[in-house]
Amino acid sequence: MSADPALSVDHLAKTFDGLRAVDDLCLSVRRGEIYGFLGPNGAGKTTTIKIILGLMFQDAGAVRIGGRDLAKDPHEIKRRIGFLPEHIAFYNNLTALETLQFYAELKGAVDEPLLDHLEAVGLRPFADEKVGTFSKGMVQLLGIAQTLIGDPELLILDEPTTGLDPNWARTVKDRIQAANERGATVFFSSHILGQVQELADRVGIVDRGKLIAEDTVENLGRRLDLKPRLRLTVEESLGAATRAVSNVEGVVSVESSGAELVVLCDRAAKARVLGRLEAMGISVRDFRTEEPGLEEVFIKLTGARRSVR
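In the working numbering, the protein residues as written are 436 to 744.
As structure tokens, then:
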């Protein structure tokens with residue numbers, strides 16, 4: 436297997452009417468990983484994705500897919516990509532199966548088992564129904580099915596669970612993971628941070644056109660010195676437990692959540708918290724540690740001034 440990244444973006448720049456939408460952006464997606472790409476509104480994600488797909492020309496920089504320069508070999512490279520845009524549209528007068536047949540012909544995959552793709556996303560019973568009768572969620576599922584045609588090496592998915600109820604969103608996540616297990620690299624954007632954290636091996640966070648962070652969520656949390664939460668269930672009253680640990684060195688805050696005591700603290704303080712409770716004769720029935728999540732990482736890096744899109 437080639438050592439080249441599945442996707443690399445090198446010093447990308449794009450300006451619209453004097454506004455730098457993408458500003459010297461660099462990122463690297465390893466072969467075989469699921470990479471989450473996110474940022475606030477207006478951060479430059481959509482422009483970056485359009486440039487990666489060859490739908491828009493950059494002012495500077497380069498995009499390489501599998502080590503090959505997109506500008507020098509666009510047609511061959513695009514045949515290796517499955518793409519789902521955020522706002523997908525199909526011909527209303529075609530059936531679901533005819534729609535996939537159309538894309539299979541474009542990709543040179545006429546022998547593809549298209550009914551299997553429809554089955555995978557739960558649309559097999561609607562194979563002969565016209566797309567114009569589909570709900571938004573069904574259209575989105577059909578979009579996922581078309582990205583899988585030709586067994587692409589790289590999937591680029593822009594907001595893949597938009598408009599889906601939880602069950603259909605689960606279907607999409609399952610298809611993403613199944614494609615990845617078969618060897619496809621996945622690059623996707625989403626404003627649903629919980630889904631990004633669930634799926635992504637690594638994330639890239641872009642703000643004001645620049646990549647400001649790229650790593651696993653856990654590593655980013657450690658680099659930003661975000662505190663874990665220690666959740667404890669105690670035998671005695673929560674009030675007594677709160678008073679016991681509130682002044683322990685390394686404890687940032689103590690609050691109750693239902694029947695649990697939630698302690699935000701340094702990693703090294705966990706043992707001191709448990710030791711203080713034991714010394715005070717307060718029995719701990721259960722405890723667990725929650726690492727900082729992607730939402731905390733995102734807010735720390737970009738601030739809460741704008742919504743994530």
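We put the CB at the ideal spot given by N, CA and C, even for glycine.
(request) Could you name the residues of the same chain whose beta carbon sits closer than 7 Å to that of R465, not counting the 5 residues immediately before and after it, in chain order? (result) Locating residue 465 in the sequence shown gives position 30, counting from the first residue. Closer than 7 Å at the Cβ level, and outside the excluded window around R465, lie P440 and A441.
(message) Tell me the rounded alpha-carbon separation between V680 and D721.
(response) On the sequence shown, position 245 is the one that residue 680 refers to. On the sequence shown, position 286 is the one that residue 721 refers to. Computed Cα separation, rounded: 16 Å.
(request) Return helix, strand or coil for I611, following the three-state DSSP convention. (result) By 1-based counting over the sequence shown, the position of residue 611 is 176. It is helical.
(request) Compare the beta carbon distance of A648 and L736 with 9 Å and say whether it is the shorter of the two. (result) Taking the sequence shown and counting its residues from 1, the one referred to as residue 648 is at position 213. Taking the sequence shown and counting its residues from 1, the one referred to as residue 736 is at position 301. In contact: A648 and L736 (Cβ atoms closer than 9 Å).
(request) Provide the residue(s) that pair with Y470 in DSSP beta bridges, ordered along the chain. (result) Taking the first residue of the sequence shown as position 1, residue 470 is located at position 35. Y470 pairs with F622 and R637.
(request) Below 8 Å on the Cβ atoms is my guess for T483 versus L447; work out the distance and round it to an integer in Å. (result) Taking the sequence shown and counting its residues from 1, one reaches residue 483 at position 48. Taking the sequence shown and counting its residues from 1, one reaches residue 447 at position 12. Yes, T483 and L447 are in contact; Cβ-Cβ is about 7 Å, under 8 Å.
(message) Quick check on this structure: which residue in Q632, A613 and N527 has the alpha carbon closest to the alpha carbon of P587?
(response) Position 152 of the sequence shown holds residue 587. Out of Q632, A613 and N527, A613 has the C-alpha closest to the C-alpha of P587.
(message) One question on the structure: do L709 and V697 come within less than 9 Å of each other, judged by their Cβ atoms?
(response) Position 274 of the sequence shown, counting from 1, holds the residue named residue 709. Position 262 of the sequence shown, counting from 1, holds the residue named residue 697. Contact: no.
(request) Take the Cβ of P601 as the centre, count every other Cβ of all protein chains shown within 10 Å, and call the residue buried at 16 or more, exposed below. (result) For the purposes of this step, residue 601 is identified with residue 166 of the sequence shown, where counting begins at 1. The residue is exposed, with fewer than 16 neighbouring Cβ atoms inside 10 Å.
(request) Using three-state DSSP, classify R740 as helix, strand or coil. (result) Here the question's residue 740 lines up with position 305 in the sequence shown. Because the pLDDT at R740 is just 47, under 50, the model does not fix this residue reliably, and the point stays unresolved.
(message) Report the CB separation of T596 from I627 in whole angstroms; it is logged as a contact under 8 Å.
(response) Residue 596 sits at position 161 when you count from the first residue of the sequence shown. Residue 627 sits at position 192 when you count from the first residue of the sequence shown. Between I627 and T596 the Cβ distance is about 6 Å, and since that is below 8 Å, they are a contact.
(message) Using only the alpha-carbon positions, how far apart do K662 and G693 sit?
(response) For this step, residue 662 is matched to residue 227 along the sequence shown. For this step, residue 693 is matched to residue 258 along the sequence shown. In a straight line, the C-alpha of K662 is about 21 Å away from that of G693.
(request) Evaluate the contact criterion for the region 511-528 versus the region 455-463: three or more CB pairs, one atom per stretch, below 8 Å. (result) no
(message) Classify A478: buried if its beta carbon has 16 or more other beta carbons within 10 angstroms, exposed otherwise.
(response) Counting from one through the sequence shown, the residue named residue 478 turns up at place 43. With 16 or more other Cβ atoms within 10 Å, it is buried.
(message) Please state the DSSP three-state secondary structure of H446.
(response) Numbered from 1 along the sequence shown, position 11 holds the residue referred to as residue 446. In this structure, H446 counts as strand in the three-state DSSP scheme.
(message) Which complete beta strand (DSSP E) runs does the region 517-565 hold, if anything under 3 residues is left out?
(response) none
(message) Can you tell me whether T597 is helix, strand or coil according to DSSP?
(response) As a working mapping, residue 597 is identified with position 162 in the sequence shown. DSSP places T597 in coil when its eight states are reduced to three.
(request) Less than 8 Å between the CB atoms is what I'm expecting for R553 and A524, so what's the real figure, rounded? (result) As a position in the sequence shown, residue 553 is number 118, starting the count at 1. As a position in the sequence shown, residue 524 is number 89, starting the count at 1. Correcting the residue type first, residue 553 is Leu in the shown sequence and not Arg. Not quite, the Cβ-Cβ distance comes to about 18 Å (not below 8 Å), so this is no contact.
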